Amino acid sequence: EAGVAQSPRYKIIEKRQSVAFWCNPISGHATLYWYQQILGQGPKLLIQFQNNGVVDDSQLPKDRFSAERLKGVDSTLKIQPAKLEDSAVYLCASSLELTVNTEAFFGQGTRLTVV
Amino acid sequence: KNQVEQSPQSLIILEGKNCTLQCNYTVSPFSNLRWYKQDTGRGPVSLTIMTFSENTKSNGRYTATLDADTKQSSLHITASQLSDSASYICVVGILTGGGNKLTFGTGTQLKVEL
Numbered sequence: 138e139a140g141v142a143q144s145p146r147y148k149i150i151e152k153r154q155s156v157a158f159w160c161n162p163i164s165g166h167a168t169l170y171w172y173q174q175i176l177g178q179g180p181k182l183l184i185q186f187q188n189n190g191v192v193d194d195s196q197l198p199k200d201r202f203s204a205e206r207l208k209g210v211d212s213t214l215k216i217q218p219a220k221l222e223d224s225a226v227y228l229c230a231s232s233l234e235l236t237v238n239t240e241a242f243f244g245q246g247t248r249l250t251v252v
Numbered sequence: 012k013n014q015v016e017q018s019p020q021s022l023i024i025l026e027g028k029n030c031t032l033q034c035n036y037t038v039s040p041f042s043n044l045r046w047y048k049q050d051t052g053r054g055p056v057s058l059t060i061m062t063f064s065e066n067t068k069s070n071g072r073y074t075a076t077l078d079a080d081t082k083q084s085s086l087h088i089t090a091s092q093l094s095d096s097a098s099y100i101c102v103v104g105i106l107t108g109g110g111n112k113l114t115f116g117t118g119t120q121l122k123v124e125l
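Chains as they are written, first to last, in the working numbering: chain A, 138 to 252; chain B, 12 to 125.
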């Protein structure tokens, strides 16, 4: 079974530039998550999709971050404009439908460095 | 405020030794507790998932315990190997209308040495 695919693996941009990350979840997984993991910290949820609808974006900095999930499958996360504090690993995860024991599978992440 | 706290922050042990990692949480309403292993430069990988009614679950050399009354969990690693060197993250989930909402701890960084 193929895992969660993310690209690019690494990205270096200057502050105030824009950047986009892409995620392809495991086939058939209805739930998709984007997390931000700052060095030395645990992942923090940015946005959660159920199919192509947003179910939680309470911690997404909406003035600069946006995300969409096309046709309930692939997803993109965009930052515009980037700030130095956005330097982090951006993890995408997916899981099957709503059960208590649903396992979330993570991609390898995109490491963003803002200089 | 929903929080997950882990201890110790970091740990160094010799290969072959056992160790126990701790997790305390205040997440409510509790639905499930997970332990993840995260190797450097990789995404987290699930080790165990426990619900309210389970108080222990094993996965090979990893054994997790849960005390839902005291809101504590532990992860015991037996006969450690060099490949166990990683960050171990405790994650507590609540089940919402939109699926599992996961709150992550900051992790315990484990290093296994010869």
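Glycine residues also receive a C-beta, built at the ideal position from the N, C-alpha and C atoms.
Quick caveat, the model's predicted, so the values are computed rather than measured.
Subject >> DSSP three-state assignment for Leu233 of chain A, whether helix, strand or coil >> reply: Correct three-state label for Leu233 of chain A: coil.
Original post:
Whose CA, out of B:Gln17, B:Asn43, B:Lys122 and B:Gly54, lies closest to the CA of Ser91 of chain B?
Top reply: Residue B:Lys122 is the option with its Cα nearest to Ser91 of chain B.
Original post:
What span of residues does the beta strand (DSSP E) with Lys48 of chain B cover, start to end?
Top reply: Lys48 of chain B: member of the beta strand (DSSP E) spanning Asn43 to Gln49, first to last residue.
Original post:
Which residues in the same chain as Gln14 of chain B place their Cβ atom closer than 8 Å to its Cβ, once the five residues preceding and following it in sequence are excluded?
Top reply: Non-local C-beta neighbours of Gln14 of chain B in its own chain, meaning closer than 8 Å and more than five positions away in sequence, comprise Tyr36, Thr37, Val38 and Thr114, ordered along the chain.
Subject >> First through last residue of the beta strand (DSSP E) which encompasses Arg248 of chain A >> reply: For Arg248 of chain A, the enclosing beta strand (DSSP E) has its first and last residue at Thr247 to Val251.
Original post:
To which residues does DSSP link Gln120 of chain B through a beta bridge?
Top reply: Paired residue(s): B:Ser21 and B:Ser98.
**OP:** Closer than 7 Å by C-beta to Ile108 of chain A: which residues in its own chain qualify, once you throw out the five before and the five after it? Chain order, please.
**Re:** This structure cannot speak to residue 108 of chain A, because chain A is shown only from 138 to 252.
Original post:
For a contact meaning CB atoms closer than 7 Å, what does Thr239 of chain A contact in chain B?
Top reply: By Cβ distance, chain B contributes Asn111.
Original post:
By how many angstroms is the C-alpha of Ile150 of chain A removed from the C-alpha of Thr81 of chain B?
Top reply: Approximately 46 Å, taken between the alpha carbons.
**OP:** With DSSP collapsed to three states, give me the class of Asp193 of chain A.
**Re:** DSSP places Asp193 of chain A within a strand segment (E or B) once states are collapsed to three.
Original post:
Going along chain B in order, which residues have a C-beta closer than 9 Å to the C-beta of Gly209 of chain A?
Top reply: What Gly209 of chain A touches in chain B: nothing, since even the nearest Cβ is about 13 Å away.
**OP:** Using the Cα positions of Asp223 of chain A and Glu205 of chain A, report the straight-line distance between them to the nearest angstrom.
**Re:** If I take the Cα positions, the gap works out to 19 Å.
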